[in-house]
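Mapping to UniProt numbering: the sequence shown position 112 is 112, numbers consecutive.
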Amino acid sequence: MSQTTNTTETLGFQTEVKQLLHLMIHSLYSNKEIFLRELVSNASDACDKLRFEAIDRPELLEGGGELAIHVGYDKAARTITISDNGIGMTRDEAIANLGTIARSGTREFFQQLTGDKQKDAQLIGQFGVGFYSSFIVADKVEVLSRRAGAPADQAIRWESRGDGEFTISPAEKTGRGTDIVLTLREGEDDFLSSWKLRDILRRYSDHISIPIRMKKEEWDAEKSETVVKDEEETVNQASALWTRSKSDITDEQYREFYKHIAHDFEDPLAWTHNRVEGRSEYTQLLYVPKRAPFDLWDRNRKHGVKLYVKRVFIMDDAEQLLPAYLRFVRGVIDSADLPLNVSREILQESRDVKAIREGSAKRVLGMLEDMAENRKDDYAAFWTEFGQVLKEGVGEDAANLERILKLLRFASTQEGTPAQTVALADYAARMKEGQDKIYYVTAETFAAASNSPHLEIFRKKGIEVLLLSDRVDEWMLSFIRDFDGKELVSIAKGGLDLGALADETEKKQQEEVSEEYKPVVDRLKEALGDAVKDVRVTFRLVDSPACVVVDSEDMSQHLQRLLKAAGQAAPESKPILEINPGHALIERVKQAGEGEFKEWASLLLDQALLAEGASLEDPAAFVRRMNSLLLGRA
């Protein structure tokens, strides 16, 4: 809903913006100075975007090619001003950029808020606040902006007190770019100081390649006061951080540069900075974030690094520079070989880009290997956030498959918790004497995997089994045959052979029992008919009467369910029912008369399917059958 008075239009903030403003004002009180970092970062982006657009349209520079950011303050008016001569905004862009949050994951973000100020502050930082951080210190914000290339009388003025509404009106502005004027809240006068503002800029924004300028100040001994001069001086180093020597950059500068490019409040987990020379020449500064963005799984969202060519900004989110399974990586790649007018289409076909992608993937994997080896707690935190994405690399990056396999982590019966901490190398090192395979089970949840009846014989013999419950696991496993020469085997497949782990005495006893129960197996096959592919005696069960498996070449029941849930066609494969001859219930079925045998057979199959996480075609019939048998009326 909007209201227009003369030429001033009053508009309401998007609901999410109102919520975010309220949360920031009340949750980020302990780190107020980040408002300046965020506004300067936005100003730097605006300058980068103008530089890029001016490659094809040099007239946008309006004769003034030097880009800069200016920061000033007025004690009497209690204002701080941040100005840039970058790309600027039209009326529609101002409404879109300053009045709404147009990004995926917004709803999920608000659902995760807890009301705990400290935890919410971390979430807000992770989500990114940018311009809205102004209202942490200001009770009024004015924006004057003119899009590069537009006439002076086509500027816009945007104003708000952060109370749910903002006004927008036509204005005049002699130069392109954006001026933001903050009128400070009561009690925020500490920021009306040249020393304070310079300190914040040097700490948080020293790495920005655009010069940040402030007016010089000198102490006048005669007047016993500080005098502001007309000339300006550059406050930051104003050189692209990635172009400097690593020895000249502090860890703190690396961290602040990450926050600038990723719009994140938290420090990164790790980073790598390298200059590559040879067939392709480029510089890479790549970071692993501490937390996953809310839109990591959004297929329409471009995830990538910033691309520069010869230090000229080209594009955000250049996803072609890294394989998709490393889409969580943030950073900068600056190429010396690509043309300045490079497009996303050219990136897809360029040999130089292929070399950059391969080199950058290897560098990121090396960074993760170092973390996994030397900073295990950090790697565990990384895996919790990004493990499912890294698993995609098993099927996407055959060249680095062995390296990726070593980085995978799983839950297992050895650990007994949902935490995925077991490496394949850990499992292999703990294998029992005579064991030559790596065993795993897949399910829809950790609880279903850890309680699978297929685990019973393995627990009895003390054999570790990997518990896989991520949606990507079944797909990933189709690309893994073995690890370090040891075959990966699903314990839910039929014909399970424990090899040397089953002694000769056991094998002889099993053969005798199988022969004894052959009549029962034949009766079950007849009773179940087309509902099953086969019925067998099994010795993999200890506490359960029966389970279902699939043939070694058939698709697992779990994968069939995943494909159907995704609306994809799945080849039909009927389950194989395996019965435990040592279970009292099987003995009861063995003694059943013709009238109730078929009911017992159906009940055994339904129970086994439920234990695998399957849905029954007729749950009501299952309940009636079970009640009838419990009451002895079959």
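Every residue gets a Cβ at the ideal spot worked out from N, C-alpha and C, and that includes glycine.
Could you give the DSSP three-state label for residue i: helix, strand or coil?
| i | result |
| --- | --- |
| P170 | strand |
| W158 | strand |
| Q126 | Confidence at Q126 is low in this model, with a pLDDT of 49, below 50, so the placement of that residue should be treated as unreliable; the coordinate-derived value is given next. Helix at Q126. |
| K598 | helix |
| W195 | helix |
| Y73 | strand |
| L98 | helix |
| E9 | strand |
| Y517 | coil |
| D264 | coil |
| A221 | coil |
| E292 | Here residue 292 turns out to be Ala, not Glu, going by the sequence shown. A292 falls in the coil class under three-state DSSP. |
| S628 | helix |
| L365 | helix |
| H454 | helix |
| R430 | helix |
| V389 | helix |
| D139 | strand |
| L347 | helix |
| F382 | helix |
From the options, pick the residue whose C-alpha is nearest to that of residue i; which is it?
| i | options | result |
| --- | --- | --- |
| V276 | F294, E358, Q320 and E93 | E358 |
| D139 | D92, R176, I80 and S169 | I80 |
| Y517 | G331, A531 and F539 | F539 |
| D473 | Q348, A527, L408 and G485 | L408 |
| I180 | V227, S193, R244 and I82 | I82 |
| P519 | K508, R536, W600 and K507 | R536 |
| D332 | D316, L338 and V342 | According to the sequence as given, residue 332 is Val; it is not Asp. It is D316 whose Cα lies nearest to the Cα of V332. |
| K533 | A54, V548 and L541 | V548 |
| L401 | R375, I480, F446 and E415 | I480 |
| A447 | D378, S469, F52 and Y254 | S469 |
| residue 663 | K196, F294, Y287 and K49 | Only positions 1 to 634 of the chain appear in this structure, which leaves residue 663 out of reach. |
| V71 | R375, G162, L36 and L285 | L36 |
| R198 | E232, S615 and D334 | E232 |
| V550 | Q388, S573, G529 and Y440 | S573 |
| I457 | G582, D426, L340 and L390 | G582 |
| T183 | S134, R523 and W219 | S134 |
| E596 | L609, L11, P575 and L528 | L528 |
| I586 | L609, G632 and V521 | V521 |
| G632 | K246, L605, D484 and R588 | R588 |
Return the bridge partner residues of residue i from the DSSP annotation.
| i | result |
| --- | --- |
| D206 | Answer by DSSP bridge pairing: none, since D206 is not bridged. |
| S83 | H70 and D179 |
| G331 | L286 |
| L466 | S412 and Y440 |
| Y132 | Per DSSP, none; premise fails for Y132. |
| H273 | L285 |
In chain order, what residues of the same chain lie with their CB nearer than 6 Å to the CB of residue i, ignoring the 5 residues before and after it?
| i | result |
| --- | --- |
| M431 | none |
| G393 | Y325 and I404 |
| K460 | V542 |
Determine the direct distance from the alpha carbon of residue j to that of residue i, and round the result to whole angstroms.
| i | j | result |
| --- | --- | --- |
| N274 | G613 | 48 Å |
| G105 | W297 | Only weak support is given to the placement of G105: the predicted model assigns it a pLDDT of 48, under 50, and the value that follows is read from those uncertain coordinates. So the alpha carbons of these two residues sit roughly 9 Å apart. |
| V489 | T250 | 48 Å |
| L347 | E188 | 48 Å |
| S450 | E464 | 12 Å |
| A620 | E594 | 23 Å |
| T283 | I491 | 47 Å |
| G278 | S350 | 16 Å |
| A238 | R244 | 11 Å |
| R363 | T272 | 7 Å |
| K302 | A361 | 18 Å |
| E512 | N580 | 14 Å |
| R311 | K196 | 30 Å |
| S335 | K354 | 12 Å |
| D74 | H207 | 26 Å |
| R285 | A318 | Correcting the residue type first, residue 285 is Leu in the shown sequence and not Arg. One C-alpha to the other measures close to 14 Å. |
| L629 | W600 | 8 Å |
| N97 | R147 | 13 Å |
Within its chain, find whatever has a CB closer than 7 Å to the CB of residue i; leave out the 5 residues flanking it on each side and keep chain order.
| i | result |
| --- | --- |
| F386 | A292 and F328 |
| W383 | R409 and Q420 |
| A171 | L144, A155, I156 and R157 |
| M626 | L603 |
| P268 | R255, Y258, Y287, V288, P289 and K290 |
Which residues in the same chain have their Cβ closer than 8 Å to the Cβ of residue i, if we skip the five residues on either side of it in sequence?
| i | result |
| --- | --- |
| G462 | K432 |
| D45 | G86 |
| A94 | V143, S145, I156, W158 and I168 |
| V441 | A449, S452, H454, L455, V465, L466, L467, L468, S490, I491 and A492 |
Taking only beta-carbon positions, decide if residue i is within less than 7 Å of chain D.
| i | result |
| --- | --- |
| A449 | Absent from the structure: chain D. Only one protein chain is present. |
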